[in-house]
Amino acid sequence: MDLKSGHPFWAVKNGLMVAFPQLDADVNCDVVVMGAGITGALIADELTRHGHDVVVVDQRDVCWGSTSASTALLQYEIDTHATELAKRYGQASALLAYQSSLSAIGEIGELAQEIGDVDYATCESLYYASNRPDHSRLAKEFAWRKQHGFPVRWLSRAALKEEYGLTAPAAILSSEAARVDPYRLASKLLERMQQKGARVFDRTEVTALTEHAGAVELTTESGMTVRAKHAVIASGYESQYWLHKRVAKNLSSYAYITDPVDPAELRWLANSLLWESARPYIYMRTTGDGRLLVGGEDDERDIPKRRDRMVDRKAATLQRKVARLLPHLHAQPAFAWAGTFAETSDGLPLFGQHPQYGPRVLFALAYGGNGITYSMLGAGLLRAQIENRTHPLTELFAFTRLG
Ligand SMILES: Cc1cc2nc3c(=O)[nH]c(=O)nc-3n(C[C@H](O)[C@H](O)[C@H](O)COP(=O)(O)OP(=O)(O)OC[C@H]3O[C@@H](n4cnc5c(N)ncnc54)[C@H](O)[C@@H]3O)c2cc1C
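Residue numbers (the working numbering): 1 to 403.
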């Protein structure tokens, strides 16, 4: 599966940061993690830090999958409004999803600080109503969040214009959000865990998974075996290969990044994420060196060659939308790309055992626009499952909720 098109910025900027060997002998471990993207890295880090003997295998160079294409806005705001989640799963579950996501931002922040130099920064998140009908949906969402203590402020049309120069019916301003270089964070986590004793192998494709009493065995393309007490399938959007029935819809998402922009032009955008209520939405953020990163224009094109041809056209569309929204900005694309993306029907991820497998095979499908915060939550959740402990998110993030 070809996961990306064009020139994903993080890979261009960072190059190949770390190299790991191919697996050329059979190995035993406590937990084998299939996939060395941001999801696999966060989970393997959590397990390694807590004394598990971990092996990570990836068929590509590490972080070369969709992690390198991610735009990495860190938000507690899920693509599905809390008010909609509450209708579907009840108030307590909606609150749990939103509160957990909020604490995941802080956890990633702590990790980023420990690791250092991953272009992590906290910022605010401005979520505006794209049209008049969305005004009342946003107002209900704001009321819910305010009632439950989330750090939000309501901006009327006039306030939005005065404070941000934006023309839109209204917006929710959240003071808690962040951004990061996900490729750098994941690469440095993998490097650190190797220093702590985890074994990482890249260019090692897993072709078979066999369950035994008391163990799971992964077989690689070159015939090597990894025998473990548990296997975590953190293979991103390719994980669905291991399931008979699809659990999410694959999309393509597009992005571009500018050269560094004059701070006088960026103004508040230097410390803010911006997104909207339309679906698919346009969104933007900046980087530490003052580039503007814009994403959106998702479509259902899942054929890499067709997607490749669309990258420049989609970047031009995004650029036109930015010009309409923020006419003072000079935001020409320097690099543009696309990445495969997957969404579940409720916007929540899937972590844990799948009915097709026994309890030693655990999936980590951090699907949706909040993939990275979900992975942080999934790391704690899967460690609890591996250690035979309960975790508050087990049911809400389980496959069983999809029926
Ligand atoms: C354009 C785009 C924008 C995004 N924006 C955001 C955002 O703003 N905020 C956010 O939180 N999330 C965002 N995401 C989602 C987030 O980046 C994802 O959660 C993440 O990319 C998925 O990470 P992953 O590690 O699960 O998958 P990947 O990075 O794809 O890693 C999976 C790894 O598994 C390996 N693998 C697959 N099959 C095998 C096999 N058989 N054997 C061995 N290895 C295998 C692959 O080679 C790959 O390296 C975005 C994603 C995209 C594409």
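The beta-carbon is built from N, C-alpha and C at its ideal position, and this holds for glycine as well.
- Pairwise C-beta distances place the region 210 to 217 out of contact with the region 310 to 319, as fewer than three of them are shorter than 8 Å.
- Within the region 13 to 101, the runs of beta strand (DSSP E) that reach at least 3 residues and sit entirely inside it are, in chain order, 27 to 34, 54 to 57 and 73 to 75.
- Secondary structure of H212 (DSSP, three-state): strand.
- Take R285, set aside five residues on each side of it, and the residues of its chain with a beta-carbon closer than 6 Å to its own are L73, R179, L273 and L293, in chain order.
- In the displayed model, Q319 falls within a helix according to three-state DSSP.
- Here DSSP, grouped into helix, strand and coil, assigns R203 to coil.
- Residue environment analysis places Y254 among the buried positions, since at least 16 neighbouring C-beta atoms fall within 10 angstroms of its C-beta.
- For A177, the enclosing beta strand (DSSP E) stretches over residues A170 to R179.
- E211 and T340 have their C-alpha atoms some 30 Å from each other.
- The closest heavy atom of ligand 1 lies 7 Å or more from the beta carbon of L111.
- Placement of the Cβ of R309 at a distance of 7 Å or more from every heavy atom of ligand 1 is found.
- If you check the C-beta of M17 against ligand 1, you find no heavy atom less than 7 Å away.
- Taking 7 Å as the cut-off, one finds at least one heavy atom of ligand 1 near enough to the beta carbon of I372.
- Of the candidates G6, A36 and K4, A36 places its Cα closest to the Cα of V206.
- Between L348 and L396, the gap from beta carbon to beta carbon is short of 8 Å.
- As DSSP reads the structure, A231 sits in a beta bridge with V32 and V361.
- L74 has its CB nearer than 7 Å to a heavy atom of ligand 1.
- By the 16-neighbour rule on beta-carbons within 10 angstroms, R307 is buried.
- If the five residues before and after R227 are omitted, its C-beta is found closer than 6 Å to the C-beta atoms of N28, A215 and E217, all from its own chain and listed in chain order.
- DSSP places M284 within a strand segment (E or B) once states are collapsed to three.
- A distance of 8 Å or more separates the beta carbons of V232 and F20.
- Taking all protein chains in view, the Cβ of I303 is surrounded by fewer than 16 other Cβ atoms within 10 Å, so the residue is classified as exposed.
- Around the C-beta of S175, fewer than 16 other C-beta atoms lie within 10 Å, and the residue is accordingly described as exposed.
- Looking at the DSSP output, D299 shares a beta bridge with S252.
- In the three-state scheme derived from DSSP, where H, G and I count as helix and E and B as strand, Q147 is classed as helix.
- Around the beta carbon of R132, a 10 Å sphere encloses fewer than 16 other beta carbons of the protein chains shown; the residue is thus reported as exposed.
- The three-state reading of DSSP puts G339 in strand, counting E and B together.
- In the three-state reduction of the DSSP assignment, G106 falls in the helix class.
- Relative to the Cα of L42, the nearest Cα in the group D24, R192 and V361 belongs to R192.
- For G165 and N388, the gap between their C-alpha atoms comes out near 52 Å.
- For G352, the enclosing beta strand (DSSP E) covers residues L350 to Q353.
- Taking the Cα positions, G288 is about 20 Å away from V322.
- CA-CA distance, H354 to D181, rounds to 31 Å.
- Within 10 angstroms of the beta-carbon of K4 lie 16 or more other beta-carbons, which makes it buried.
- Taken through DSSP and simplified to helix, strand or coil, Y237 comes out as helix.
- If you draw a straight line from the Cα of K140 to the Cα of R88, it comes to about 16 Å.
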